[in-house]
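Numbering (my numbering), first residue to last: 69 to 403.
Working notes for the structure below.
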Ligand code: PHE
């Protein structure tokens, strides 16, 4: 029986010699001292023995148990020391891993720039609803149901055909004038929707910046010349190009008279050397003033509307409008 205890000690000590980790140590401890270890079984079997033998062997076995427990505790401390020593080799002066930060979307950055430029010219910035009434989006803007110009803006109608996704930001001209008396100057940035096929230059949703400046008719009231000045100043600052020129081409929008398309030409990048269309504009039609409750002939002002995507694409030489909403980080990280 004593030799069985010697054998148990030998096996356990051998096990202890080859430990490389705390996990291995735990496994060895269970093998040597756990409930189903040979030693535990030995202790359990003692109750079948005669009194004297039981006491003698019991004492030996318990002493062995104590000895092995101390050995395991010692081995555990050593392994912990080794692990700690490895930790101390960490180079705490090594540069940290750089975490990637997100940033503002290029369209939002450009919108902030545009807002700041218009604010510096005294324009108030406000937003309006994207779900509009047919009246504000079309009728009040001098575009009755049978008007051929309705076909210019393919519309997403909402169920019931009374509401629609606004096709432009111009309905905010109507809402604002219904609630305010001139003089004022405002811009209305926001998302608009067109029911049309998508390609490199068309999206079914994009952003516009609407502008409206109105005062009492008469000397000093906002004129086509003022409109041109505002456009010039805006594009020169937006593209950081003091050489940008602005030209108006006669055009048609039901809510302005006269109506124009705004063209610009600059000195570098995509703007160099050719005239590019960047906005629609004109003098607010007296029919619109009447619709919002002003007296015909009493007010005078200009309005303009431009697509944000268009000018951002020109500024950064982006050739596909779909990149803005594509979620491709290789594109977005360039800004
Ligand atoms: N709302 C017009 C469009 O979306 C642009 C515009 C705005 C034209 C204001 C003239 C005056 O095409």
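Backbone N, C-alpha and C fix where the C-beta goes; we use that ideal spot for every residue, glycine too.
Hey, residue 376 and residue 338: beta-carbon distance below 9 Å or not? If you check the CB distance, residue 376 and residue 338 do not come in under 9 Å.
Compare the Cα-Cα distances from residue 340 to each of 310, 347 and 363 and report the closest residue. 310
Specify the secondary structure class of residue 141 as computed by DSSP and reduced to three states. helix
With residue 220 as the anchor, note down where its beta strand (DSSP E) starts and where it stops. Counting along the chain, residue 220 falls outside any beta strand (DSSP E), and DSSP gives it neither H nor E.
State the DSSP-derived secondary structure class of residue 227, mapped to helix, strand or coil. coil
For residue 328, the nearest candidate out of 355, 295 and 313 (CA to CA): For residue 328, the nearest C-alpha among the options comes from 295.
Should the segment 234-247 be called in touch with the segment 203-221, which here means at least 3 C-beta pairs below 8 Å? yes
Looking at residue 276: is its Cβ nearer than 9 Å to the Cβ of residue 258? Here residue 276 is near residue 258, since their CB atoms are less than 9 Å apart.
Nearest neighbour of residue 189, chosen from 402, 300 and 365 [CA to CA]: Looking at the Cα atoms, 300 is the closest of the given residues.
Give me, in chain order, the residues of the same chain whose beta-carbon lies closer than 7 Å to that of residue 99; leave out the 5 immediate sequence neighbours on both sides. 83 and 105
With a threshold of 7 Å on Cβ separation, who are the neighbours of residue 391 within its own chain once the five nearest residues in sequence on each side are excluded? 399
Going by DSSP, which residues form a beta bridge with residue 280? 254 and 371
What are the residues that DSSP puts in a beta bridge with residue 317? 329
Three CB pairs or more closer than 8 Å across the segment 115-127 and the segment 163-176: no
Delimiting residues of the alpha helix (DSSP H) encompassing residue 297: 292-306
Quick check on DSSP: helix, strand or coil for residue 249? coil
Hey, how far is the Cα of residue 90 from the Cα of residue 152? 12 Å
Please list the segments of the beta strand (DSSP E) lying wholly inside the segment 149-221, counting only runs of 3 or more residues, in order along the chain. 199-201
What does DSSP give as the partner residue(s) for residue 273 in the beta ladder? Per DSSP, the beta-bridge partners of residue 273 are 261.
Heavy atom of the ligand PHE within 8 Å of residue 221 beta-carbon: Relative to the ligand PHE, the beta carbon of residue 221 is positioned inside 8 Å of a heavy atom.
By a C-beta neighbour count over all protein chains shown, 10 Å radius and 16 as the cutoff for buried, is residue 213 buried or exposed? Answer is exposed; the Cβ neighbour count stays below 16.
Just to confirm, are residue 129 and residue 107 a CB contact at a threshold of 9 Å? yes
Can you find the residues in the same chain that come closer than 8 Å, C-beta to C-beta, to residue 263, ignoring five residues on each side of it along the sequence? Its chain contains 222, 223, 224 and 272 as the residues whose beta carbon lies nearer than 8 Å to that of residue 263, once the 5 sequence neighbours on both sides are disregarded; these appear in chain order.
Should residue 384 be labelled buried (16 or more other beta-carbon atoms within 10 Å of its own) or exposed? exposed
Taking one C-beta from the segment 311-321 and one from the segment 274-291 each time, how about it: are there three or more such pairs within less than 8 Å? no
Per DSSP, cross-strand counterpart(s) of residue 381: Partner(s): none; residue 381 has no beta bridge.
If residue 351 and residue 250 are in contact, beta carbons under 8 Å, what's the gap, nearest whole angstrom? With a Cβ gap of about 14 Å, residue 351 and residue 250 do not count as contacting.
I'd like to confirm the pairing. Which residues does DSSP put opposite residue 267 in its beta bridges? Partner(s): 270.
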